[in-house]
Amino acid sequence: MDMLLWVDLTGGRTRKTRIPEEWKSCYLGGRGFTSKVLYDLVDADTDPLSPENILTIATGPLDGTLSPSSGRFTVGCRSPLTGLLGDANSGGHFGPELRFAGYDAVIIRGRAKGPTYVFIDDDHVELRDASHLWGRGVFDTIRLLEETHGKDIKVIAIGQAGENLVPYANIMAAGHNAAGRTGVGAVMGSKNLKAIAVRGSGDIPVADDERFLAKVRECHRKLMADPTYQDFSEYGTLILVDIAQASGGLSTRNGQLGLFEQYEKISSHIYQDTYKLASKACFSCILHCKNYARVTSPPYECENMGPEYETMVTLGSRVGVGSLAAILKANQLANDYGLDTISAGTSIAFLMECSQRGLIDEKYEWGDAEFVLDCLHKIAYRDGIGEFLARGVRAMSAEIPGSEGFALHVKGLELPAFDVRTGKGFALGEAVASRGGDHLRALPNFELLSKTREEGIRWFGTPDCVNPYTESGKVGMVIWHENYGAVCDSAEICKYCTFATYAIMPQDVADLMTFAVGRKYSEADLLAAGERIVNIERMFNLRCGMTPRDDTLPRRFLQEGLPEGPAKGVTVDLAKMLPEYYSGRGWTKDGVPTREKLEELGIEAKGVA
Amino acid sequence: MHADMAASASVDVLTQGNDRDIRTFNPEKCSGCRNCELACSIAHFGAFNPRRARIQVLRQGCREEIRVCNHCEDHPCIAACKRGALAWDDGEVFVDDAACNLCGDCIAACPSGGIRIFDETLLICDLCHGDPMCVKFCTTGALTLKAR
Chain A
-14 MDMLLWVDLT GGRTRKTRIP EEWKSCYLGG RGFTSKVLYD LVDADTDPLS PENILTIATG
46 PLDGTLSPSS GRFTVGCRSP LTGLLGDANS GGHFGPELRF AGYDAVIIRG RAKGPTYVFI
106 DDDHVELRDA SHLWGRGVFD TIRLLEETHG KDIKVIAIGQ AGENLVPYAN IMAAGHNAAG
166 RTGVGAVMGS KNLKAIAVRG SGDIPVADDE RFLAKVRECH RKLMADPTYQ DFSEYGTLIL
226 VDIAQASGGL STRNGQLGLF EQYEKISSHI YQDTYKLASK ACFSCILHCK NYARVTSPPY
286 ECENMGPEYE TMVTLGSRVG VGSLAAILKA NQLANDYGLD TISAGTSIAF LMECSQRGLI
346 DEKYEWGDAE FVLDCLHKIA YRDGIGEFLA RGVRAMSAEI PGSEGFALHV KGLELPAFDV
406 RTGKGFALGE AVASRGGDHL RALPNFELLS KTREEGIRWF GTPDCVNPYT ESGKVGMVIW
466 HENYGAVCDS AEICKYCTFA TYAIMPQDVA DLMTFAVGRK YSEADLLAAG ERIVNIERMF
526 NLRCGMTPRD DTLPRRFLQE GLPEGPAKGV TVDLAKMLPE YYSGRGWTKD GVPTREKLEE
586 LGIEAKGVA
Chain B
912 MHADMAASAS VDVLTQGNDR DIRTFNPEKC SGCRNCELAC SIAHFGAFNP RRARIQVLRQ
972 GCREEIRVCN HCEDHPCIAA CKRGALAWDD GEVFVDDAAC NLCGDCIAAC PSGGIRIFDE
1032 TLLICDLCHG DPMCVKFCTT GALTLKAR
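Residue numbers (this note's numbering), protein chains in the order written: chain A, -14 to 594; chain B, 912 to 1059.
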C-alpha cells in the first residue's frame, strides 16, 4: 500500500515511490491525485496525444475495504477532446485489485515503441508485447489476457476506438465498467498502451477494525433505510428514464423535445420485464445498480451487462431509437470498441439534426437503429462518416454553419442525458464543471428528489433550492455538492451512496477514512480538500486556455423552451447564477481564483498570467 | 426481494446464529459485491484480502458461484487427511495447522471446492463458530443461516 508506480513507456522502465504525505492529507486519493498530477506536471504546451501527456490511474483510501461502494478509481490526463482537464471515473473491481497489489496510483508517461501492456503481479511489474491484442475489442482483449495470466486478474483496456485515437474513446474495466469521459482511452492509445492487467494478493489492513466495521454497518443501515434505495437497487440508474420523462426532460431528438413518444418501450419497468436477468454490483457495493441482460432474438442478439440511464438516453431517445434490443446491442458494441456512449450518441444525434434542418445534404432519419449501430463501428475505425463523427460535436459544428445553437457540448465535452432546463442546479453545474459538459461534478440531485421547502432551508438556507425549475437559491447547493463530490471522487466512494440517497454524508466518509487510515479526518478537512481540488482543476483549465466565457451552455438550453410537458417553455438564465457562483467560490468576477483563496487552500499559484 | 432486504437491514439481527445453524446460498440473490469475502478475511486475518477468504464468489456470466465449505455430514475431507490434521468439531471442520503439511488431499476430496491454500495456510470455513461474518455483511439475502 501507499506506493506510486511510475511507468515510463518510452524508456521501458518502471519505478516505485511512496505517495507524498501532502497528497494524502490535502488531496485524499483518486481524482484528487489525478488532478494534482496534472496541476504539478502538465503544462499548457502539452499536446494531449503526445508522449508528454501524463495518464494517471488512482485509487482511493477506502478501495479494497468493506466501505460501501468504495471500489472505484479515476483516470486523469489532459483531454484530447476538450484540451482541458480530462478525467474519468469507473467502478468494477479493478481499483481494489490495484491496491491489493500494493499501489495507490500508477503514473504513465511516454510512448511505447509498439503495442504494449503492463502486467502487475504484486511486486512484479512488467511491460509486455501487446501485438496480439492490438486491433481487438475489449472483450477479446480481456479474454486473451485471462488465458495468459489466469482468470483471477483484473484488467483495464482500450478497444479499437482508443487505438484509433477517437477523442472520446474510453478505458474499460472488465468489459462493462467504463472510465468513459473526456477521451482518456485515446490518450492510452496514443501511448501504445493496450491494457493493464493486475493481480494483487496483498493485505489491506485498517487502523481500527472494530470501529471501522461498526461504521460500515451503520452506513449499510442508513443506505438501505433511504427511500431512494429501493428503486435504485431494483432498477438501477434506469429508474431515471422514468423520472426524466415525468419531469419533461427525457432528452429526445437531440434535446428538441423532453418527452419521448416511444418512452413506454424503453422504460425501466419494460426493461425489467423483458431483457434484464439480474442486478449486479461493483466491489463492496450494496446498491447493486448494474444490470445483466440478454437479447436472444435477431438481429440484436447480445448478452452482457446492460446499459445505464445515460446510454439508454444518448443511444436511445436522443437519437430517436425506441428499440430496447437495439439500444442493448449498441451499448455492447460501444463497450467492446471502447467508446463513450454519451459523446458517441450525442455526436450522432447532432448529425441527425443537421440533416433534419437541411444543413447537410445527406439524409439521416431519427430512430434509424441500423444507422446508429453502423455509426458506432465506423466511429471506432474512423471510417467514412465515422471519421467526421469521431471529431465530437464541437469540431463537427465548426464545419456546419448554423448548427452551433444545438451542438450539445460545454467546453467540447458532449452533454449527458439530463436536460438542464428541468434542473437549474444541474444547469449551473454543467456550465462550470471542470471537465466540460458533465453532470457528475455537481450532481445536485437534491433539487430533483421532491425534498420539502423545510428541508431546503435546513440544508442550504433557502426553500428555493428544492424547486428544479428556478435559478434562485441554487448556488450554495451547487458549491456544496461540487466540494463533496470531489471528496467522493477522491475517496472513490460512489456518488449514488452520497448524492442519490443522501444516506452517507461527509462526516460518515470522514469516519470511514479515519478508522481505515488512522489519520484523523474531520468533515471540515474533507470539504476543504474538495474545495482545494475544485480550485486546482479550475487553475489547470485556465492555464490550458479556458476562459470564463466557456462557462456556458448550448443556446438550445438558454433560449429555446421545451415545446411541451411539465417544463414547457422553460429556459436557463445563467446570468442569474454565475456571478453569485464566482463570488461564492471566492473567485474574481471573471471566474478566476484569487490569490487569497489559493493561499487559504494551500495551493501554489503557477501557470497563470 | 427488495422488501426482504430492507427488512433485514432494519431488523439487523439476521445473523444471531448458533452452532447448529448452517449457511445457505441463493445465487439468484447474489450481486457479486464480494462483501462476504472481505468480512471473512478481516474476521480471520485482521485485514481485507479476498484471497485469504474462506468463502469465494466467482462470477460466471450473470450467475455467481460460491466456493465454501458446506460442512457436510460425511465430511470426506477429514477422511482424506492422512495426518489427522482435520477433525469434526461441533458442526465445523477444525484444522490443526501444526499437523497440516498442505498436501492438498482434502482439497481433492471436497465436493464443493470449498478448501483452498493461500500463503501456506489451509483455508476452511469455521462458520466463525456460529455467527459467520459473511452472513452478517451480506445485505442481499443471498447468504443466510438456517437450522440444520
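Backbone N, C-alpha and C fix where the C-beta goes; we use that ideal spot for every residue, glycine too.
Can you give me the start and stop residues for the alpha helix (DSSP H) that Leu393(A) sits inside? On the first sequence, residue 393(A) is found 408 positions in, with the first residue counted as 1. Element bounds for Leu393(A): n/a, residue is neither H nor E.
In whole angstroms, what is the alpha-carbon distance linking Thr486(A) and Asp89(A)? Along the first sequence, read from residue 1 onward, the residue named residue 486(A) stands at position 501. Along the first sequence, read from residue 1 onward, the residue named residue 89(A) stands at position 104. Near 28 Å, if we compare the C-alpha coordinates of Asp89(A) and Thr486(A).
What residue range does the beta strand (DSSP E) around Asp32(A) cover? As a working note, residue 32(A) is residue 47 in the first sequence. Note, Asp32(A): premise wrong, no beta strand (DSSP E); not H, not E.
Segments of 3+ residues assigned as beta strand (DSSP E) that fall wholly inside the region 990 to 1047 of chain B: 997 to 1000, 1003 to 1006, 1027 to 1029, 1032 to 1034
Taking all protein chains shown into account, decide if Phe431(A) is buried (16 or more other Cβ within 10 angstroms of its Cβ) or exposed. Counted from its first residue, the first sequence places residue 431(A) at position 446. Buried.
Close Cβ partners of Phe403(A) (< 6 Å) along its chain, the five nearest in sequence each way excluded: As a working note, residue 403(A) is residue 418 in the first sequence. So the list reads Phe411, His424, once near-sequence residues are dropped.
In the DSSP assignment, find the beta strand (DSSP E) that holds Ser75(A) and state where it starts and stops. Taking the first residue of the first sequence as position 1, residue 75(A) is located at position 90. Counting along the chain, the beta strand (DSSP E) containing Ser75(A) begins and ends at 70 to 75.
I think Met(-14)(A) touches Arg57(A), with their Cβ atoms under 8 Å apart; what is that distance to the nearest whole Å? Counting from one through the first sequence, the residue named residue -14(A) turns up at place 1. Counting from one through the first sequence, the residue named residue 57(A) turns up at place 72. Going by Cβ atoms, the distance from Met(-14)(A) to Arg57(A) rounds to 17 Å, so no, they are not a contact pair.
Quick one: grab the DSSP three-state call for Val557(A). Sequence index remark: in the first sequence, residue 557(A) carries index 572 (1-based). Looking at Val557(A) - three-state DSSP - the assignment turns out to be coil, as it is neither helix nor strand.
Can you name the residues that DSSP bridges to Arg978(B)? Here residue 978(B) refers to the residue found at position 67 of the second sequence. According to DSSP, which records beta bridges pairwise, Arg978(B) is partnered with Gln967(B).
How is Leu300(A) classed by DSSP in three states: helix, strand or coil? As a working mapping, residue 300(A) is identified with position 315 in the first sequence. Correct three-state label for Leu300(A): coil.
What do you get for Gln544(A), buried or exposed, if any count of 16 or more other CB atoms within 10 angstroms of its CB means buried? Position 559 of the first sequence, counted from the start, is the residue given in the question as residue 544(A). Exposed, since its Cβ has fewer than 16 Cβ neighbours within 10 Å.
Does the region 209 to 220 of chain A touch the region 265 to 276 of chain A, meaning 3 or more C-beta pairs lie closer than 8 Å? yes
If you measure between the beta carbons of Ala590(A) and Glu516(A), is that distance less than 9 Å? Here the question's residue 590(A) lines up with position 605 in the first sequence. Here the question's residue 516(A) lines up with position 531 in the first sequence. No, the pair does not count as a contact, with Cβ atoms beyond the cut-off.
Provide the residue(s) that pair with Thr133(A) in DSSP beta bridges, ordered along the chain. On the first sequence, residue 133(A) is found 148 positions in, with the first residue counted as 1. In DSSP, Thr133(A) forms no bridge with anything.
What does a CB cutoff of less than 7 Å around Ile143(A) pick up in its chain, not counting 5 residues either side in sequence? Counting from one through the first sequence, the residue named residue 143(A) turns up at place 158. The residues are Ala154, Ile156, Gly170, Met173, Gly174, Lys179, Gly323.
In three-state terms, what does DSSP make of Thr934(B)? Here the question's residue 934(B) lines up with position 23 in the second sequence. The sequence given here has Arg at residue 934(B), not Thr. Three-state DSSP puts Arg934(B) in a strand.
Give the secondary structure of Phe445(A) by DSSP, where H, G and I count as helix, E and B as strand, and everything else as coil. By 1-based counting over the first sequence, the position of residue 445(A) is 460. Phe445(A) falls in the helix class under three-state DSSP.
Chain-ordered neighbours of Cys270(A) on chain B, where CB pairs are closer than 7 Å: Sequence index remark: in the first sequence, residue 270(A) carries index 285 (1-based). Here the neighbours are Cys944.
Please name the residue, chosen from Cys947(B), Ala1020(B), Arg994(B), Gly1025(B), that lies closest to Cys1063(B) on a Cα-to-Cα basis. An answer regarding residue 1063(B) cannot be provided, because it is not within the stretch 912 to 1059 covered by chain B.
Entirely enclosed beta strand (DSSP E) segments - the region 141 to 169 of chain A, minimum 3 residues: 156 to 158, 162 to 164
Close-in-space but distant-in-sequence residues of the same chain around Arg238(A) (CB under 6 Å, 5 per side omitted): Counting from 1 along the first sequence, the entry for residue 238(A) is found at position 253. Gly305, Trp351.
Proximal chain B residues relative to Cys50(A), where beta-carbon distance stays under 9 Å: The residue labelled residue 50(A) in the question sits at position 65 within the first sequence. The amino acid at residue 50(A) is misidentified as Cys; the sequence shows Thr. Ordered by position in chain B, the residues that pass the 9 Å Cβ test against Thr50(A) are Leu949, Ile953, Phe959.
Where does Lys505(A) fall in DSSP's three states? Working through the first sequence from its first residue, we reach residue 505(A) at position 520. Lys505(A): coil per DSSP, three-state reduction.
Completely contained alpha helix (DSSP H) runs for the region 479 to 553 of chain A, where each covers 4 or more residues: 480 to 483, 491 to 502, 508 to 528, 540 to 544
Neighbour-count burial assignment, Glu1031(B), 16 or more Cβ in a 10 Å radius: Here residue 1031(B) refers to the residue found at position 120 of the second sequence. Looking at its Cβ environment, which holds fewer than 16 other Cβ atoms inside 10 Å, Glu1031(B) is exposed.
So that I know if they touch, is there some Cβ in chain B lying closer than 9 Å to that of Gly187(A)? Within the first sequence, numbered from 1, the residue matching residue 187(A) stands at position 202. Answer yes: the Cβ-Cβ gap between Gly187(A) and chain B drops below 9 Å somewhere.
If you follow the beta strand (DSSP E) that Cys287(A) is part of, which residue opens it and which one closes it? Along the first sequence, read from residue 1 onward, the residue named residue 287(A) stands at position 302. Residues 287 to 290.
For a test of the three-state rule: what should DSSP assign to Asn973(B), helix, strand or coil? By 1-based counting over the second sequence, the position of residue 973(B) is 62. In the sequence under discussion, the amino acid at residue 973(B) is Cys, which differs from the Asn named in the question. The answer is coil: DSSP assigns Cys973(B) none of H, G, I, E or B.
Closest Cβ-Cβ distance between Val191(A) and chain B: below 9 Å? What you label residue 191(A) is simply residue 206 of the first sequence in a count that begins at 1. Chain B, which has a Cβ nearer than 9 Å to the Cβ of Val191(A), makes this yes.
Counting only Cβ pairs nearer than 7 Å, list the residues of chain A close to Thr1055(B). As a first step, residue 1055(B) must be located in the second sequence, where it is residue number 144. Within 7 Å Cβ-Cβ: nothing; Thr1055(B) doesn't reach chain A, min ~16 Å.
Going by beta carbon distance, what residues of the same chain come within less than 6 Å of Tyr277(A), once the five residues before and after it are set aside? For the purposes of this step, residue 277(A) is identified with residue 292 of the first sequence, where counting begins at 1. The answer, listed in chain order, is Leu262, Ala263, Lys265, Met290.
Using beta carbons (cut-off 9 Å, strictly below), is Val201(A) in contact with chain B? Your numbering for residue 201(A) matches position 216 in the first sequence. It does: the Cβ of Val201(A) has a partner Cβ on chain B nearer than 9 Å.
Just to confirm, are Arg1027(B) and Gln971(B) a CB contact at a threshold of 9 Å? What you label residue 1027(B) is simply residue 116 of the second sequence in a count that begins at 1. What you label residue 971(B) is simply residue 60 of the second sequence in a count that begins at 1. Against a cut-off of 9 Å, the Cβ pair of Gln971(B) and Arg1027(B) comes out as no contact.
Contacting positions in the region 261 to 288 of chain A - beta carbon closer than 7 Å to chain B: Leu262, Ala263, Ser264, Lys265, Ala266, Phe268, Ser269, Cys270, Ile271, His273, Tyr277
Between Lys574(A) and Thr259(A), what straight-line distance do the alpha-carbon atoms span, to the nearest angstrom? Taking the first residue of the first sequence as position 1, residue 574(A) is located at position 589. Taking the first residue of the first sequence as position 1, residue 259(A) is located at position 274. Between Lys574(A) and Thr259(A), the C-alpha separation is close to 53 Å.
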